[in-house]
Amino acid sequence: MLFETIAKIIAERTDRDISEIKLESTFAELGIDSLDTVELIMNLEDAIGTEIELDQKVETVGDLVKFIESKNQE
């Protein structure tokens with residue numbers, strides 16, 4: 000479910016079809032820069048109802064999913 004939420008937000012921000020977004024997709028490949036990442040995180044926080052403190056570099060959609068899941072288990 001988390002991946003689908005992230006993919007939907009990315010698709011909306013990048014005007015891509017959601018089917019193009021995979022776990023292994025890098026943010027660079029998707030045309031998402033550091034400013035876009037900040038906005039993406041803010042939108043994601045609203046969508047999942049939790050604060051996300053990104054304290055490490057994430058390069059792929061899968062990295063972001065794993066990061067959020069690991070924080071939610073703490």
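Take the sequence shown: its letter number 63 is residue 62 in numbering that gives the first Met the number 0, and every next letter is one higher.
By construction, the Cβ of each residue, glycine as well, lies at the ideal position given by its N, Cα and C atoms.
Coil, strand or helix - residue i by DSSP
i: Thr59; result: strand
i: Thr49; result: coil
Rounded distance between the beta-carbons of residue j and residue i, thought under 8 Å
i: Arg12; j: Asp45; result: So it is not a contact: roughly 13 Å between Cβ atoms.
i: Ile20; j: Leu29; result: 7 Å
Check whether residue i and residue j have beta carbons under 8 Å apart
i: Glu23; j: Thr49; result: no
i: Asn42; j: Ile8; result: yes
i: Thr4; j: Ile31; result: no
Residues near residue i in its chain [Cβ-Cβ closer than 7 Å; skip 5 each side]
i: Thr25; result: Glu58, Thr59
i: Ile17; result: Ala6, Lys7, Ala10
6 Å Cβ shell around residue i - same chain, five flanking residues per side excluded
i: Lys70; result: none
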